[in-house]
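Q: Take this structure first; my questions come after.
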Amino acid sequence: MPDTISFARGAPSADLLPVDAVRLAAETALNEDATRALSYGTGIGHPGLCEWIGHRHGGIDPARVMVTNGSLEAGWMLFSHLLEAGDEVVVEQPSYDRTLLMLDKLGVDRIGIQLEADGIDVAGLEQALADGHRPKLVHVIPNFHNPAGCTLADGKRRRLVELSAEHGFWIFEDDPYREVRFGGAAAPTMLDLAEGTDAKVVHASSFSKTVGPGVRVGYLIGPGDEIKALAKTANETYISPNMLAESIVLELCRSGDLDRNIEFVNESLAERRDALVLELGKQIPEAEFVVPGGGYFLWLDLAEGTDTREMLAPAKEQGVAFVAGPDFTLEGGENSMRLSFAPVPPGEVAEGVSRLARALEAVRA
Ligand SMILES: Cc1ncc(COP(=O)(O)O)c(C=O)c1O
Numbered sequence: 002m003p004d005t006i007s008f009a010r011g012a013p014s015a016d017l018l019p020v021d022a023v024r025l026a027a028e029t030a031l032n033e034d035a036t037r038a039l040s041y042g043t044g045i046g047h048p049g050l051c052e053w054i055g056h057r058h059g060g061i062d063p064a065r066v067m068v069t070n071g072s073l074e075a076g077w078m079l080f081s082h083l084l085e086a087g088d089e090v091v092v093e094q095p096s097y098d099r100t101l102l103m104l105d106k107l108g109v110d111r112i113g114i115q116l117e118a119d120g121i122d123v124a125g126l127e128q129a130l131a132d133g134h135r136p137k138l139v140h141v142i143p144n145f146h147n148p149a150g151c152t153l154a155d156g157k158r159r160r161l162v163e164l165s166a167e168h169g170f171w172i173f174e175d176d177p178y179r180e181v182r183f184g185g186a187a188a189p190t191m192l193d194l195a196e197g198t199d200a201k202v203v204h205a206s207s208f209s210k211t212v213g214p215g216v217r218v219g220y221l222i223g224p225g226d227e228i229k230a231l232a233k234t235a236n237e238t239y240i241s242p243n244m245l246a247e248s249i250v251l252e253l254c255r256s257g258d259l260d261r262n263i264e265f266v267n268e269s270l271a272e273r274r275d276a277l278v279l280e281l282g283k284q285i286p287e288a289e290f291v292v293p294g295g296g297y298f299l300w301l302d303l304a305e306g307t308d309t310r311e312m313l314a315p316a317k318e319q320g321v322a323f324v325a326g327p328d329f330t331l332e333g334g335e336n337s338m339r340l341s342f343a344p345v346p347p348g349e350v351a352e353g354v355s356r357l358a359r360a361l362e363a364v365r366a
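Each residue of the sequence shown is one higher than the one before, starting from 2 at the first, in our numbering.
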């Protein structure tokens with residue numbers, strides 16, 4: 002067993018990275034697309050990849066797609082473009098820690114709305130609107146939430162789109178886990194639901210989970226005018242994103258290796274999730290959580306009064322890592338923690354959970 006079993010990182014273990022497929026794709030990209038791959042591009046990214054992504058999303062005009070160096074950068078660009086200090090922005094509670102930090106840096110007023118087992122509490126949002134809040138943007142992670150593991154119900158997606166049209170706020174659909182699905186059909190995107198309405202949706206996704214986080218290729222899809230403005234800013238900031246990485250990703254998409262890898266990764270991750278759910282039930286039965294239908298994360302609620310930050314030191318001593326709940330909240334979250342099953346092979350899960358259980362005992366002793 003390793004010295005440290007880490008449930009902390011939102012990244013897969015090395016055995017889930019498609020090394021051979023990327024090697025082959027890089028060779029083909031350099032044989033067939035060398036000029037594009039090794040030259041400056043434009044702010045919008047690789048035109049072939051914009052086209053492929055538009056097609057993957059059901060025939061969206063490639064001019065509405067912009068490829069970026071990962072979707073986090075895409076989010077930062079969009080926030081910087083749309084928001085000013087003092088604007089109200091709705092964030093789910095809990096939410097992705099980096100998003101909370103970026104919004105804080107921009108000086109916006111973050112309004113927290115609780116997550117439920119089926120996604121953001123839309124009635125809570127409606128109440129906030131009725132109370133006079135005027136958010137400029139609502140940030141939502143609709144599928145296999147980071148950190149909460151939950152997925153937004155179809156009806157709530159539709160209602161959010163209606164509310165966007167009624168109140169004029171942007172929905173930022175932060176959706177890197179959509180294809181990391183362990184079964185069943187994908188729920189509709191709010192991007193699609195907004196078509197033909199007055200709702201304003203920008204959708205972000207990424208190849209970090211379907212290829213590997215090191216490729217740093219993500220994308221935005223939104224209204225043509227916004228994408229044009231963002232592409233101009235991208236061009237003025239970094240000329241173009243990494244064209245070599247995009248050319249390789251495009252080749253993976255075209256060859257079918259992307260879909261084969263998604264299938265492999267999803268099977269492996271589902272096995273890791275099952276092992277974690279089983280061991281938590283056996284070893285930490287007080288833990289409550291939504292069983293995620295995909296993605297990387299499980300959000301544990303422990304008994305009231307537990308402080309997961311106090312568990313960090315004993316966990317380190319035991320050789321196990323996790324992220325404490327308050328990292329993902331505006332306030333509260335002390336008795337919660339995020340566990341990522343992506344980096345832990347099934348054979349290490351039982352030992353990892355028993356180390357966690359010992360760390361929990363240590364803070365209660
Ligand atoms: C909800 C969410 N958004 C964005 C990102 C960033 O992804 P990328 O690697 O594409 O920058 C992550 C990564 O973990 C994430 O969980």
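Every residue gets a Cβ at the ideal spot worked out from N, C-alpha and C, and that includes glycine.
1. At a threshold of 7 Å, does PRO143 count as lining ligand 1 (C-beta to nearest heavy atom)?
2. Locate the beta strand (DSSP E) running through HIS370, then write down its first and last residues.
3. Nearer than 7 Å: is that true of the beta carbon of TYR239 relative to any heavy atom of ligand 1?
4. Whole angstroms are fine: how far does the CA of ASN336 sit from the CA of PRO327?
5. Run the CB neighbour count on SER40, radius 10 Å, all protein chains shown included, and call it buried at 16 or more, exposed below.
6. Whose CA, out of LEU361, VAL345 and GLY334, lies closest to the CA of THR5?
7. Is the number of C-beta pairs between the segment 155–164 and the segment 306–317 that are closer than 8 Å three or more?
8. Quick one: grab the DSSP three-state call for LEU116.
9. Whole angstroms are fine: how far does the CA of ALA75 sit from the CA of GLU332?
10. Nearest CA to the CA of ASP119: which residue from THR152, PHE298, PRO48 and ILE112?
11. Here's a check: name, in chain order, each residue in its chain whose Cβ is nearer than 8 Å to the Cβ of ALA26, leaving out the five neighbours to either side.
12. Is the CB-CB distance between PHE342 and TYR297 below 8 Å?
13. Any heavy atom of ligand 1 closer than 7 Å to the beta-carbon of PRO214?
14. If you count every other CB in all the chains shown that lies within 10 Å of the CB of GLU349, and 16 or more means buried, which is it?
15. If you measure from the CB of LEU101, is any heavy atom of ligand 1 nearer than 7 Å?
16. Are the segment 53–67 and the segment 282–301 touching by the rule of at least three beta carbon pairs closer than 8 Å?
17. Taking the alpha helix (DSSP H) that LYS210 belongs to, which residues open and close that run?
18. Which residues in the same chain as ARG65 place their Cβ atom closer than 6 Å to its Cβ, once the five residues preceding and following it in sequence are excluded?
19. Near GLU318, what residues of its chain come up, given a Cβ to Cβ distance below 6 Å and the 5 sequence neighbours on each side ignored?
20. Are the CB atoms of SER81 and LEU383 within a distance shorter than 8 Å?
A: Reading from the atomic positions:
1. Looking up residue 143 in the sequence shown gives position 142. No; taking the cut-off as 7 Å, the Cβ of PRO143 has no heavy atom of ligand 1 nearer than that.
2. As shown, the chain starts at 2 and ends at 366. That puts residue 370 outside it, with no answer to give.
3. One-based indexing of the sequence shown puts residue 239 at position 238. TYR239: no, Cβ never under 7 Å from ligand 1.
4. The sequence position of residue 327 within the sequence shown is 326, counting from 1. The sequence position of residue 336 within the sequence shown is 335, counting from 1. Rounded to whole angstroms, PRO327 to ASN336 spans 9 Å at the Cα level.
5. Here the question's residue 40 lines up with position 39 in the sequence shown. The residue is exposed, with fewer than 16 neighbouring Cβ atoms inside 10 Å.
6. Taking the first residue of the sequence shown as 1, we reach residue 5 at position 4. The shortest C-alpha separation from THR5 is found at VAL345.
7. no
8. The count along the sequence shown starts at 1 and reaches residue 116 at position 115. Note: LEU116 maps to strand in three-state DSSP.
9. Here residue 332 refers to the residue found at position 331 when the sequence shown is read from its first residue. Here residue 75 refers to the residue found at position 74 when the sequence shown is read from its first residue. Their backbone Cα atoms lie some 26 Å apart in a straight line.
10. To locate residue 119, count along the sequence shown from 1; it is residue 118. Among THR152, PHE298, PRO48 and ILE112, the Cα nearest to that of ASP119 is on THR152.
11. For the purposes of this step, residue 26 is taken as residue 25 along the sequence shown, with counting starting at 1. Cβ within range, chain order: ILE249, VAL250, GLU252, LEU253, SER256 and ASP258.
12. Along the sequence shown, read from residue 1 onward, the residue named residue 342 stands at position 341. Along the sequence shown, read from residue 1 onward, the residue named residue 297 stands at position 296. Yes, these two residues count as a Cβ contact at 8 Å.
13. Taking the first residue of the sequence shown as 1, we reach residue 214 at position 213. PRO214 Cβ: within cutoff of ligand 1.
14. Numbered from its first residue, the sequence shown carries residue 349 at position 348. So GLU349 counts as buried.
15. Within the sequence shown, the letter at position 100 stands for residue 101. No.
16. no
17. In the sequence shown, residue 210 corresponds to position 209, counting from 1. That residue, LYS210, is in no alpha helix (DSSP H); it is neither H nor E in DSSP.
18. In the sequence shown, residue 65 corresponds to position 64, counting from 1. Answer for ARG65: ILE222, GLY225 and ILE228, listed in chain order.
19. By 1-based counting over the sequence shown, the position of residue 318 is 317. Closer than 6 Å at the Cβ level, and outside the excluded window around GLU318, lies no residue.
20. The question about residue 383 has no answer, for the chain in this structure spans 2 to 366.
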